[in-house]
Amino acid sequence: SQTIHQWPATLVQPVGSPLSLECTVEGTSNPNLYWYRQAAGRGLQLLFYSIGIDQISSEVPQNLSASRPQDRQFILSSKKLLLSDSGFYLCAWSRTGNEKLFFGSGTQLSVL
Amino acid sequence: AQKITQTQPGMFVQEKEAVTLDCTYDTSDQSYGLFWYKQPSSGEMIFLIYQGSYDEQNATEGRYSLNFQKARKSANLVISASQLGDSAMYFCAMREGPLGTTSGTYKYIFGTGTRLKVLA
Chain D
95 SQTIHQWPAT LVQPVGSPLS LECTVEGTSN PNLYWYRQAA GRGLQLLFYS IGIDQISSEV
155 PQNLSASRPQ DRQFILSSKK LLLSDSGFYL CAWSRTGNEK LFFGSGTQLS VL
Chain A
39 AQKITQTQPG MFVQEKEAVT LDCTYDTSDQ SYGLFWYKQP SSGEMIFLIY QGSYDEQNAT
99 EGRYSLNFQK ARKSANLVIS ASQLGDSAMY FCAMREGPLG TTSGTYKYIF GTGTRLKVLA
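Protein sequences appear in the order of chains D and A.
Count the first sequence with our numbering and you get residues 95 to 206, in order.
Count the second sequence with our numbering and you get residues 39 to 158, in order.
So, in structure tokens, the structure goes:
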């Protein structure tokens with residue numbers, strides 16, 4: 095069966111520090127990968143999606159970047175965090191030809 | 039422009055009653071899919087139900103049903119016999135695509151959610 099792992103679960107970082115959130119999918123190959131952000135009490139905003147290794151599409155201009163160095167690994171990064179980067183980050187995957195989107199357990203990021 | 043609209047920020051329902059959560063969408067695609075996800079306080083996103091644009095019958099999954107009205111572009115979620123464990127945030131979502139030249143690869147757009155509270 096397929097599983098998605100996302101870590102860390104919580105993170106507190108000072109403004110201006112770097113960020114690296116990692117997501118890996120097991121049990122499938124060539125998944126479509128997604129990063130979403132959920133601000134407090136708000137909906138999910140699509141940040142990045144990837145249909146293959148090194149193929150990253152950005153949905154909104156921002157302080158964040160994404161990379162996919164391996165087929166089942168998706169990384170969300172920032173060189174210098176801003177207060178506005180605080181939120182709940184969710185990694186998700188889907189299989190080409192399958193409708194459903196599967197989510198990781200999320201990372202609660204607080205930038206202070 | 040908002041592609042998924044959930045106009046109810048919060049809803050209350052009495053235990054064992056039915057409740058309808060509203061969702062309208064906007065797309066020019068002929069083929070699309072609509073989803074509902076549940077997010078309890080733990081933050082995990084739980085898939086509830088899916089409706090394809092070409093499906094003629096409304097989707098049902100246990101106590102969940104999706105009232106799909108294509109001409110009105112609405113995809114309301116109906117929860118029957120509400121339980122205390124149904125208290126959560128509910129998100130409506132639509133898949134858009136395909137992305138690039140890869141058929142079957144989509145991106146998913148979410149609404150702002152409805153917080154449901156079931157009262158004992």
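Beta carbons: idealized from backbone N, C-alpha and C, even for Gly.
So, under 8 angstroms CB-CB, residue i and residue j are touching, yes? Tell me the CB distance rounded to an integer number of Å.
i                      : j                      : result
residue 160 of chain D : residue 170 of chain D : 5 angstroms
residue 164 of chain D : residue 147 of chain D : 7 angstroms
residue 122 of chain A : residue 74 of chain A  : Not quite, the Cβ-Cβ distance comes to about 19 angstroms (not below 8 angstroms), so this is no contact.
When the Cα atoms are used, what is the spatial distance from residue i to residue j?
i                      : j                      : result
residue 66 of chain A  : residue 111 of chain A : 11 angstroms
residue 194 of chain D : residue 183 of chain D : 19 angstroms
residue 202 of chain D : residue 134 of chain D : 10 angstroms
residue 116 of chain D : residue 99 of chain D  : 8 angstroms
residue 120 of chain D : residue 158 of chain D : 25 angstroms
residue 197 of chain D : residue 64 of chain A  : 24 angstroms
residue 154 of chain A : residue 51 of chain A  : 8 angstroms
residue 123 of chain D : residue 143 of chain A : 14 angstroms
residue 94 of chain A  : residue 113 of chain A : 13 angstroms
residue 100 of chain A : residue 107 of chain D : 42 angstroms
So, residue i versus residue j, is the Cβ gap smaller than 9 angstroms?
i                      : j                      : result
residue 61 of chain A  : residue 44 of chain A  : yes
residue 127 of chain A : residue 90 of chain A  : no
residue 56 of chain A  : residue 117 of chain A : yes
residue 113 of chain D : residue 175 of chain D : yes
residue 69 of chain A  : residue 92 of chain A  : yes
residue 71 of chain A  : residue 199 of chain D : no
residue 168 of chain D : residue 118 of chain D : yes
For residue i, count neighbouring Cβ atoms within 10 angstroms of its own Cβ and tell me buried if that reaches 16, exposed if not.
i                      : result
residue 144 of chain D : buried
residue 125 of chain D : buried
residue 120 of chain A : buried
residue 149 of chain A : buried
residue 87 of chain A  : buried
residue 127 of chain D : buried
residue 181 of chain D : buried
Any heavy atom of the ligand SAH closer than 8 angstroms to the beta-carbon of residue i?
i                      : result
residue 134 of chain D : Ligands are entirely absent from the displayed structure, and the ligand SAH is therefore not among its contents.
Scan the segment 173-196 of chain D for residues whose Cβ lies nearer than 9 angstroms to a Cβ of chain A and list them as they occur along the chain.
182, 184, 186, 188, 189, 190, 191, 192, 193, 194, 195 and 196
Could you list the residues in the segment 140-157 of chain A with a C-beta less than 9 angstroms from some C-beta on chain D, going in chain order?
140, 141, 142, 143, 144, 145, 146, 147, 148, 149, 150, 151 and 153
Quick one: which residues of the segment 136-151 of chain D get their C-beta closer than 7 angstroms to a C-beta of chain A? List them in chain order.
136, 137, 138, 140, 143 and 145
Tell me which residues of the segment 70-97 of chain A have at least one Cβ-Cβ distance to chain D shorter than 9 angstroms, keeping chain order.
71, 73, 75, 77, 80, 81, 82, 83, 84, 85, 88 and 90
Residues of the segment 115-136 of chain A whose Cβ lies closer than 8 angstroms to any Cβ of chain D, in chain order
129, 131 and 133
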